[in-house]
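Peer 1:
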Amino acid sequence: MSTKWETVIGLEVHVELATETKVWCSCKNEFGAEPNTNVCPVCLALPGSLPVLNARALEYTIKAGLALNCKIQRRSKFDRKNYFYADLPSGYQISQFDLPLCYDGYVDITLKDGTTRRIRIQRIHLETDAGKLVHAGDDVAAADFSLVDFNRAGVPLIEIVTEPDLRSAEEAGLFLEKLRSILKYSGVSDVKMEEGSMRCDVNVSVRPAGSTEFGVRSELKNVNSFSAAVRGIEYEQKRHIRILEEGGQVEQETRSWRDAQGISVLLRSKEDAEDYRYFPEPDLPPVEVTTEEIERIRATLPELPDALMQRLMTEYGLSAYDASVIVAEREYAQWFLQAVELAGADQAKAVANWQINELYRVMNEKELGPDQIPLTPEQLVGMLKLMEKGTITGKIAKTVFDKMVETGKDAETIVKDEGLTQVADEGELLAIAREVVAANPKVFEDWKSGKQSAAQWFVGQIMKRTRGRANPQLALKLVTQALEEQAQK
Amino acid sequence: MALTRDEIARVAHMARLSLSEEEIEGFAEQLSRILEHVERINQVDVTDVPPTYHAVTLQNVLREDEPQPSLERETVLALAPESEAGCYKVPKITEG
Amino acid sequence: MSGMTHILSAARLNRLFLAGELSAVEIAESALSRIAKVEPQVGAFLHVAAEHVLDRAKKLDARRRAGDNEFGPLAGVPIAVKDNICTCGMETTCASRMLKGYVSPYDATVVERLRASGAMIIGKTNMDEFAMGSSGEASAFQTTRNPWDLERVPGGSSSGSAAAVAAGEVPLALGTDTGGSIRQPAAFTGVVGLKPTYGYVSRYGVVSFASSLDQVGPLGHDVEDVARLFEVIAGPDRRDATNAGRTPPELKFGGDPSLAGVRLGVPRELFGQGIDSGVKARVEEAIRQLEDLGATVEECSLPSTEYALSAYYVIALAEASSNLARYDGVRYGFRAAQTGGLTEMYSKTRGEGFGAEVKRRIMLGTYVLSSGHYDAYYRKAQQVRTLVVRDFERAFERFDALVTPTTPFTAWRIGEKIDDPMAMYLGDICTIPVNLAGLPAISVPCGFVDGLPVGMQLIGKHFADAQLLQMAWAYQKVTKHHESRPVLTEEGGR
Ligand SMILES: [Zn+2]
């Protein structure tokens, strides 16, 4: 007899805020600086130093909360979470215990089958990032010593905690993607998983399908990418089910995900759980957020992906698929909207086609990220204008497109320099049409016997002879004329 | 409230303090006595009394998000007991 | 004249410097020579910055000779700084093995303000380790002696600052006060000590003991000097989020001392049992003199102060246990000889680097915050704190200030209470409630019992530090207790 199991997943997602400076001091918040160059008395916890809250970190936390449909705590405070670790300079992390800045929010995700699921956000709080450990080798426990870089210590971090609403690894993956996209749109973080600006802990439990009680959960740490989250959840889910089916009991414990090996290992059991001795941070006064302040911050939020996707469909008539791949990245959406603004709404579909079919293809080939779009909206729109005027053909346009990407020049310059202007001279084209018809009697016979595609074949020949510069409609008209002439001979 | 040796050892570990046997004994006795005195606060009726975390009422003390120069790495690493390759050096990390 | 600077006030030294009658170098040399003579007996300093102070003095003199008249109110005044206040170029050890040899790469805000005022920092003073203690005996390095009786403690934790002023080594010193650490040693050594309102003086660069209670303040021979130093150090600082951003009003002293219209309350809970009869008699005399000056005096009650000491220890030690977690042997300070892994390094470093009293307090603070105890201890203590605050608020509806003894007894013998922490803690009963409520309070000398100084404490409303200083000035003007000086034979004997 086999039980059907249901997996219950909750996520704790840590996201670094894209402020200029750290959260408690005025050191630069930047990725990739030389080790220990962005450090000061405060973020090194030198004796006597004190934290002062970065106004923008506060604003961004609230902004993230609003983007994720949260309520905002009117009176919030900071607390100390006490523990010792080499990357934590003060021996405590400034965090928020019982009064997080944001609470009760949600994110809607769309599953493959088109259904929508609402994932509730329990809370979002502002806290402090720790420094970075550099080990000889990648296993902490195996290294004889560690080196510590405190550049990241004191970078503002928000922790987003979901309710246990996710039911599969796939849902978790979709949620993380959606979360990343919303946070990036709202501008509070650049959410780069590879730079560690977004990290997550995963809570997984398993229960018999239909049960309303939760199973015992394990917490998975060191999950450093979306795909690792998906793999980790799948692994844990299998591990739990195996234990349960063998009649065992899942232990409540914290485990570490080793992505390279595809396994999780025990970090600590429930009994060894740290006692963090939270208490209110005496160095920081509480924070009060007024309605006016919330509204001011709300007004700075851009149109978020869900709303934008709807608009692209209704206003510009894009398909759900096209709209979704355009809103997937904030940069893509901005690029699209700028192009449409320049080209006019009637060109929206053309812009979308070029963006999705050509631009994404090139970017894929060149392995470019969304912040490295190799073409400006102006370039594309310039090219579309030339097509509209009939200066270039669609076929030539592809060449022009690639050249624009390559050289950064505008379409007009490329067309002029390379002599790619469409051949619209009837006399010239008719002469070519007569030549190709005369030179291919077999195809001509096919045409005569009623094979319509034969005419297209001749158009292709004209294109070849003109290196794609012939106006296709005109070419078809003249081919037809030449064929009919030949037929009457 | 009398503290046991085990409790003292547990707290000492939490506080990362290695204590000698005599210290553990001494602290068990002294801390118990201090706690006994401190527990007088439990005689006070504090129903509906909010806690006071700060001696003077302030709120929203914020800083502008503008970078200021950091300290020189040579300066800060010179304070460290041990450093290497521009980083602070710490012994083997045995737990997660 | 220069050999006598140790009996001159800061105000007088400043005037003489500005008038060109004494050079800064003469003042500095005179202070250094006094230090050289009495330090072997008193032991107030952990570090005397002779070279630094002379260099600074030369620069001040050069500026004055060049016609600069933009000098601050402490120009030419030698000042001692408690060793838990960060100073570039001089060690800041908190009298702890943990920070032996540590030189801060930055100045505390109060030190920046001192330097800007023209003061000459002459050295760093001994204290109880990390300001945890009431006698100075918890220093890892030396025992400071009370200049009035070298067999006795000077009080603590600002032991060296109080003793240095009392012994005439400096006219002014900075201390810190978390539960009485300025006022109690001021009382024990017969000097004036002010704990300002919490939030008046920046804590940036002041090594934290208990963040919600700590405050920096001045110690000096007379109220005017103390006020002068207070005005220099108080004021807004954006680097301390608990700083109230207030600038104190300009203080002027002069005219006939009068307390006409001033309403004073005497809290019976801080004037009853546990107070030494001699101390009580001196303070009662002082109260009569305050009445003679025109003040009305009435008894009042602060019922919750009975629990203040307990609440204080829970709060202060909880905060301390966390504040002292940064001393872990990684980024600065002491690290125990290498063994095992990171956790062992932490434990050994902290076990060897901290002294007994600090460890005791970290243990207690860790315990009261630990799982299952937080509500019973920490939260409860903060609720009791609210009751203490309310008691004061009620009292201040009727009174302008409250009068108590600063300490229940005079300075005890060195070693007398070292094995009985609880007995030592009980000595802070009059000063601790003030810190819980963040109020300003000043200790002024009010006579002697058996040759040992007694202090009277005046407690004021939030940010009424200036009024307190005015009251203390009036009292001092008619009593002259502050003019008494201990006799120290300068050649080392006694
Ligand atoms: Zn910093």
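Residue numbers (my numbering), protein chains in the order written: chain D, 1 to 489; chain E, 490 to 585; chain F, 586 to 1079. Note that CB positions come from ideal geometry on N, CA and C, so glycine has one too.
Name, going along the chain, the residues of the stretch 268-286 of chain D whose beta-carbon falls closer than 7 Å to a beta-carbon of chain F.
Peer 2: Per Cβ criterion, the list reads D275, R277, F279, P282, D283, L284 and P285.
Peer 1: Using 9 Å as the limit for Cβ to Cβ distance, is A209 of chain D near chain E?
Peer 2: Not an interface residue.
Peer 1: Tell me the residue span of the beta strand (DSSP E) that contains N222 of chain D.
Peer 2: Where N222 of chain D is concerned, the enclosing beta strand (DSSP E) stretches over S218 to V223.
Peer 1: Measuring from each Cβ to the nearest heavy atom of ligand 1, keep the ones under 5 Å and list them in chain order.
Peer 2: After applying the 5 Å Cβ criterion, the set is D:C25, D:C27, D:C40, D:V42 and D:C43.
Peer 1: Is the separation between the beta-carbon of V792 of chain F and that of A716 of chain F shorter than 9 Å?
Peer 2: Closer than 9 Å, so yes.
Peer 1: Just to confirm the assignment, what range does the alpha helix (DSSP H) spanning H1066 of chain F have?
Peer 2: Per DSSP, H1066 of chain F belongs to no alpha helix (DSSP H) and is neither H nor E.
Peer 1: Give every residue of the same chain whose Cβ lies closer than 8 Å to the Cβ of C200 of chain D, excluding the five residues on either side of it in the sequence, and list them in chain order.
Peer 2: Here the set comprises L11, E12, V13, H14, L176, V223 and A229.
Peer 1: Compile a chain-ordered list of the residues in the stretch 520-535 of chain E whose CB is closer than 8 Å to at least one CB of chain D.
Peer 2: Cβ contacts with chain D come from no residue of the stretch 520-535 of chain E.
Peer 1: Does the Cβ of G114 of chain D have 16 or more other Cβ atoms within 10 Å, making it buried, or fewer, making it exposed?
Peer 2: The residue in question, G114 of chain D, is exposed, as its Cβ has fewer than 16 Cβ neighbours within 10 Å.
Peer 1: Where does W5 of chain D sit, in a helix, a strand or coil, going by DSSP?
Peer 2: The answer is strand: DSSP assigns W5 of chain D an E or B state.
Peer 1: Excluding the 5 residues flanking P570 of chain E on each side, which residues of the same chain have their C-beta closer than 8 Å to its C-beta?
Peer 2: Cβ within range, chain order: n/a, list empty.
Peer 1: Using a Cβ-Cβ cut-off of 9 Å, state whether N669 of chain F counts as contacting chain D.
Peer 2: It does: the Cβ of N669 of chain F has a partner Cβ on chain D nearer than 9 Å.
Peer 1: Suppose you measure from the CA of P770 of chain F to the CA of C679 of chain F; what does that come to, to the nearest Å?
Peer 2: So the alpha carbons of these two residues sit roughly 17 Å apart.
Peer 1: Would you identify the three-state DSSP class for E611 of chain F, choosing helix, strand or coil?
Peer 2: In the structure shown, E611 of chain F sits in a helix (DSSP, three-state: H, G or I).
Peer 1: Using beta carbons (cut-off 9 Å, strictly below), is S548 of chain F in contact with chain D?
Peer 2: Because chain F here runs from 586 to 1079, residue 548 of chain F falls outside it and cannot be looked at.
Peer 1: What residue ranges within the stretch 560-584 of chain E form continuous beta strand (DSSP E) runs of no fewer than 3 residues, ordered along the chain?
Peer 2: Counting whole runs of 3 or more residues, the stretch 560-584 of chain E contains the beta strand (DSSP E) stretches 576-580.
Peer 1: Please state if the CB of A905 of chain F and the CB of G950 of chain F are separated by a distance shorter than 9 Å.
Peer 2: Contact flag set, yes.
Peer 1: Once DSSP output is grouped into helix, strand and coil, what is the label at Y92 of chain D?
Peer 2: Strand at Y92 of chain D.
Peer 1: Could you tell me the alpha carbon to alpha carbon distance between I392 of chain D and R258 of chain D, rounded to whole angstroms?
Peer 2: Going from the Cα of I392 of chain D to the Cα of R258 of chain D covers about 55 Å.
Peer 1: By DSSP, does E127 of chain D sit in helix, in strand, or in coil?
Peer 2: Residue state, collapsed to three classes: strand.
Peer 1: Does S587 of chain F come out as helix, strand or coil in the three-state DSSP assignment?
Peer 2: At S587 of chain F, the pLDDT of 45 sits below 50, so the modelled position is not reliable; the number obtained from the coordinates is stated separately. Helix, per DSSP.
Peer 1: Name, please, each residue of chain F whose Cβ falls closer than 8 Å to the Cβ of T564 of chain E.
Peer 2: Under the 8 Å cutoff, chain F gives P690.
Peer 1: How close, in whole Å, do the beta carbons of L537 of chain D and A348 of chain D come, if the pair is a contact with beta carbons under 8 Å?
Peer 2: Absent from the structure is residue 537 of chain D, since the part of chain D shown begins at 1 and ends at 489.
Peer 1: Along the chain, where does the beta strand (DSSP E) that runs through G760 of chain F open and close?
Peer 2: Segment L757 to D762, the beta strand (DSSP E) holding G760 of chain F.
Peer 1: Could you work out which residues of chain E lie near L147 of chain D, taking near to mean beta carbons separated by less than 9 Å?
Peer 2: In chain order: S572, E573, A574, G575, C576, Y577, K578 and V579.
Peer 1: I'd like the ranges of any alpha helix (DSSP H) spanning at least 4 consecutive residues and lying wholly in the stretch 833-893 of chain F.
Peer 2: Segments of the alpha helix (DSSP H) lying fully in the stretch 833-893 of chain F: 862-877.
Peer 1: Rounded to the nearest angstrom, what separates L157 of chain D and P834 of chain F at their Cα positions?
Peer 2: Computed Cα separation, rounded: 41 Å.
Peer 1: Determine the burial state of V1072 of chain F: buried for a count of at least 16 other Cβ atoms within 10 Å of its Cβ, exposed for fewer.
Peer 2: Exposed, because fewer than 16 other Cβ atoms sit within 10 Å of the Cβ of V1072 of chain F.
Peer 1: Starting from the N-terminal side, write out each stretch of the alpha helix (DSSP H) that is 4 residues or longer and does not extend beyond the stretch 729-759 of chain F.
Peer 2: Counting only runs of 4 or more, we get 744-751.
Peer 1: Within the continuous beta strand (DSSP E) that includes Q800 of chain F, where are the two ends?
Peer 2: Per DSSP, Q800 of chain F belongs to the beta strand (DSSP E) from Q800 to G805.
Peer 1: Would you identify the three-state DSSP class for S895 of chain F, choosing helix, strand or coil?
Peer 2: Looking at S895 of chain F - three-state DSSP - the assignment turns out to be helix.
Peer 1: Would you grab the beta carbon distance between D102 of chain D and I119 of chain D for me? Rounded to a whole angstrom, and I think it's under 8 Å.
Peer 2: Inspection of the sequence shows that residue 102 of chain D is occupied by Cys rather than by Asp. Their Cβ separation, rounded to whole angstroms, is 15 Å, which puts C102 of chain D and I119 of chain D out of contact at 8 Å.
Peer 1: What does the alpha-carbon distance come out to for the pair T971 of chain F and G605 of chain F?
Peer 2: The straight-line gap from Cα to Cα measures roughly 53 Å.
Peer 1: Using a beta-carbon distance below 9 Å, is T992 of chain F in contact with chain D?
Peer 2: With 9 Å as the cut-off, T992 of chain F does not count as an interface residue toward chain D.
Peer 1: Spell out whether any CB of chain D is found under 9 Å from the CB atom of S766 of chain F.
Peer 2: For S766 of chain F, the answer is no, since every Cβ of chain D falls outside 9 Å of its Cβ.
Peer 1: For F84 of chain D, return the contacting residues in chain E, with the cut-off set at a CB-CB distance below 7 Å.
Peer 2: Correct list: R505.
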